[in-house]
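S.K.: Got a structure for you, questions after.
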Amino acid sequence: MRIFDPHIHMTSRTTDDYEAMYAAGVRALVEPSFWLGQPRTSPAAFLDYFDSLLGWEPFRAAQYGIAHHCTIALNPKEANDPRCTPVLDELPRYLVKDNVVAVGEIGYDSMTPAEDTALAAQLQLAADHGLPALVHTPHRDKLAGLRRTLDVVRESALPPDRVLLDHLNETTVKEAAASGCWLGFSIYPDTKMDEERMVAVLKAHGTEKVLVNSAADWGRSDPLKTRKVGDAMLRAGFTEDDVDQVLWRNPVAFYGIGGRLRLDITDPGATHEGNSILRGGA
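Going by numbering that gives the first Met the number 0, the letters in the sequence shown line up with residues 0 to 281, in that order.
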């Protein structure tokens, strides 16, 4: 089983996770820019983080045989903080980088006017740079949030087939599918979808344009949830080809839209900018 996790925050994970993911079949991933928990206080904090997504994390992933790409954006939660919003002016110089395969995570957290502005601006940046967009639908008031998201997408220059609506569930999948956007589901303990619910959605709506991710981060999460969905699909009677479509071909197709996806692993060398992943090493 080959697996592409299209949404996982490896900055928050350990090298043990990389080893376990490789053993489970993960060969590629996308790490979206997101809120780190501790609020950022200036655009400079974002820039250091973006640099790590483009440098250190691909180096670390390659040590374990996994191709690492990222998405870059001002996330919805911090779009409400005026100390952070000037980073929007810095995004264009990152969105031209080879390893950036989409603009994201963008979208809604609390559905504020500031989030409206940031979402519209970043959809335009995606259109300007020939990139797709990874859109975070809110964890609260999900259907209202989806509808508001779709209104902004329809008003933008970015076609729906270049938009991935993430964190969907049973209440939002029907309208999301009707929009023409790609459909993302986070399999995450307690607060989002689980494997059996995901299988039920796939039975009802099919496998076309569906992406399944772990969204693993600093919270109670599991970077092996993609594999567990694949196993659950097989137990439920889906074919190996169905599993391959959901866990590999669909994320490759979506993130390949911008022409930057590179799935071959090259030897990363022993160090990155003089630093080793071996503590106490050179």
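Using N, Cα and C, we set each Cβ at its ideal position, and we do this for glycine too.
Quick one, which of Glu-194, Gln-244, Arg-92, Ala-66 has its alpha-carbon nearest Asp-221's?
M.R.: The shortest C-alpha separation from Asp-221 is found at Glu-194.
S.K.: Give every residue of the same chain whose Cβ lies closer than 8 Å to the Cβ of Glu-89, excluding the five residues on either side of it in the sequence, and list them in chain order.
M.R.: Excluding sequence neighbours, Glu-89 sits near Pro-42, Phe-45, Leu-46.
S.K.: Applying the criterion that 16 or more other CB atoms from any shown protein chain within 10 Å of the CB defines a buried residue, is Gln-121 buried or exposed?
M.R.: The residue in question, Gln-121, is buried, as its Cβ has 16 or more Cβ neighbours within 10 Å.
S.K.: Does DSSP classify Thr-190 as helix, strand or coil?
M.R.: Coil at Thr-190, not helix or strand.
S.K.: Do Val-99 and Leu-130 have their beta-carbon atoms positioned less than 9 Å apart in this structure?
M.R.: Going by C-beta atoms, Leu-130 is nearer than 9 Å to Val-99.
S.K.: List the DSSP bridge partners of His-67.
M.R.: His-67 is bridged to Leu-28.
S.K.: What residue range does the beta strand (DSSP E) around Val-99 cover?
M.R.: It spans 99 to 106 - the beta strand (DSSP E) in which Val-99 sits, taken as one unbroken run.
S.K.: Is DSSP giving His-204 helix, strand or coil here?
M.R.: The answer is helix: DSSP assigns His-204 an H, G or I state.
S.K.: According to the Cβ coordinates, are Ile-7 and Ser-155 closer than 9 Å?
M.R.: Not in contact: Ile-7 and Ser-155 (Cβ atoms no closer than 9 Å).
S.K.: Using 10 angstroms around the beta-carbon of Thr-111, count the other beta-carbons present and answer buried if the total reaches 16, otherwise exposed.
M.R.: Exposed, because fewer than 16 other Cβ atoms sit within 10 Å of the Cβ of Thr-111.
S.K.: Report, in whole angstroms, the separation of the C-beta atoms of Val-242 and Gly-229, which I expect to be a contact under 8 Å.
M.R.: The pair is a contact, with the Cβ atoms about 5 Å apart (cut-off 8 Å).
S.K.: In this structure, what does DSSP give as the bridge partners for Asp-4?
M.R.: For Asp-4, which the question treats as bridged, DSSP gives the partners Leu-28.
S.K.: To the nearest angstrom, how far is it from the Cα of Leu-246 to the Cα of Thr-116?
M.R.: Approximately 33 Å between the Cα atoms of the pair.
S.K.: What residue from Gly-205, Arg-1, Phe-33 has the CA that sits closest to Ala-22's CA?
M.R.: The option with the nearest alpha carbon to Ala-22 is Arg-1.
S.K.: Spatial neighbours of Asp-189 within its chain, please: C-beta separation below 7 Å, excluding the five flanking residues on both sides.
M.R.: Taken in chain order, the residues that qualify are Arg-219.
S.K.: Tell me where the beta strand (DSSP E) around Leu-163 begins and ends.
M.R.: Taken as a continuous stretch (DSSP letters only), the beta strand (DSSP E) holding Leu-163 covers 162 to 165.
S.K.: Could you tell me which of His-68, Arg-226, Gly-106 sits nearest to Val-29, measuring between CA atoms?
M.R.: Ranking His-68, Arg-226, Gly-106 by Cα distance to Val-29 puts His-68 first.
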